[in-house]
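Enquirer: Residue numbers for the sequence shown follow our numbering, beginning at 920 and rising by one.
For glycine and all other residues, C-beta sits at the position ideal for the given N, C-alpha and C.
Computed from a predicted model, the values in this text were never measured in an experiment.
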Amino acid sequence: CRWVPNLPWLDGVDVARLFPGLRIALGNDAQIAMLAEAVEGSAKGMSDAILLAIGTGIGSAVLANSRIVAGARGGACSFGWACADTEDQGEERSGWLERVASGRALDALAQQIGLADGGRLIDAARAGEKAALAALEAPACRLGTALAGAVALLDPQAVLISGGLAEALDMIRPPLLAAMQRQLPPHLKHIVLRPGQFGSRAGLVGAALAGLAGSEWRQVR
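1. Beta-carbon within less than 7 Å of Arg1140's beta-carbon, same chain only, minus the 5 sequence neighbours each way: which residues are those?
2. Does the beta carbon of Leu971 come closer than 8 Å to any beta carbon on chain B?
3. Beta-carbon separation of Pro1075 and Asp933 under 8 Å?
4. Rounded to whole angstroms, what is the Cα-Cα separation between Ala1035 and Arg942?
5. From the DSSP secondary-structure annotation, give me the bridge partner or partners of Gly1022.
6. For Val905, name the three-state secondary structure that DSSP assigns.
7. Along the chain, which unbroken stretches of the alpha helix (DSSP H) at least 4 residues long are found entirely within the region 1007-1067?
8. With which residues is Gln1138 paired in a DSSP beta bridge?
9. Rounded to the nearest angstrom, what separates Gly964 and Ile1032 at their Cα positions?
10. I'd like to confirm the pairing. Which residues does DSSP put opposite Arg1113 in its beta bridges?
11. Quick check on Leu971: does DSSP put it in helix, strand or coil?
12. Does Asp948 pass the burial test, meaning 16 or more other C-beta atoms within 10 Å, or should it be called exposed?
13. For the structure I just gave you, are there three or more beta carbon pairs, one from the region 969-986 and one from the region 1066-1075, closer than 8 Å?
14. So, helix, strand or coil for Asp1089, using DSSP?
15. Just the Cα atoms here: how many angstroms apart are Ile1091 and Gly1130?
16. Within 10 Å of its beta-carbon, does Glu1006 have 16 or more other beta-carbons around it, so buried, or fewer, so exposed?
17. Please report how far the alpha carbon of Leu970 lies from the alpha carbon of Glu1135, in whole angstroms.
18. Is Val932 helix, strand or coil when you go by DSSP?
19. For Ala1051, collect the residues of the same chain with a Cβ closer than 6 Å to its Cβ; drop the 5 residues on either side in sequence, then sort them by chain order.
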């Protein structure tokens, strides 16, 4: 492992040496989730899509011309590190967008209005509580505004929301879409936004598919 933001104890660890006799392969979790969605899930049949895996942080992956983009070091399309704040000082283990729009950010917002965590915040918003609805507005708008740049750059057929926040898409979709569409050219304003089919299990499904496909697993079709 070169660098694992949420599991720092794995930085620099040669995982293969820990399991002698087994064939070990590592992959970016969002890219693995994209494989699941592109082969058997919400992006099945598509050639171009963006996936955001939103949980503790924000992972992301891009399907372009039926291939999952890897980049020079295997970590392309790290959307959680997109930044729209010129005053932000940065952090070593989290990107700007993760700090303002991930599940961890929702936990912090929930506590500001007396709720235990982001899950309770979503529940309160569904119940129509004004404070909860207002608290969700800012992270959804920041996510949508930043996402507009990726959509304009890549022209995907759809944007998929995976991870734990996929279950709350009904609550964040309106402000997210409105913010994104404000920043998009006319021909992209009708971009499809949908939840991933596999939710938090996408990584497990994708890992199984990658194991079956072998070293060329990023070539979906």
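Expert: A quick look at the data gives this:
1. Take Arg1140, set aside five residues on each side of it, and the residues of its chain with a beta-carbon closer than 7 Å to its own are Ser985, in chain order.
2. This model lacks chain B altogether, as it is built from one protein chain only.
3. no
4. Their Cα atoms are separated by approximately 42 Å.
5. Answer is none; Gly1022 lacks a bridge partner.
6. The structure shown does not extend to residue 905, since the chain is modelled only from 920 through 1140, so no value can be given for it.
7. Those alpha helix (DSSP H) runs which fall completely within the region 1007-1067 and span 4+ residues are 1015-1020, 1022-1031 and 1037-1045.
8. Arg986.
9. 43 Å
10. Leu1079
11. strand
12. buried
13. yes
14. helix
15. 34 Å
16. exposed
17. 20 Å
18. coil
19. Leu1040, Ala1043 and Ala1044
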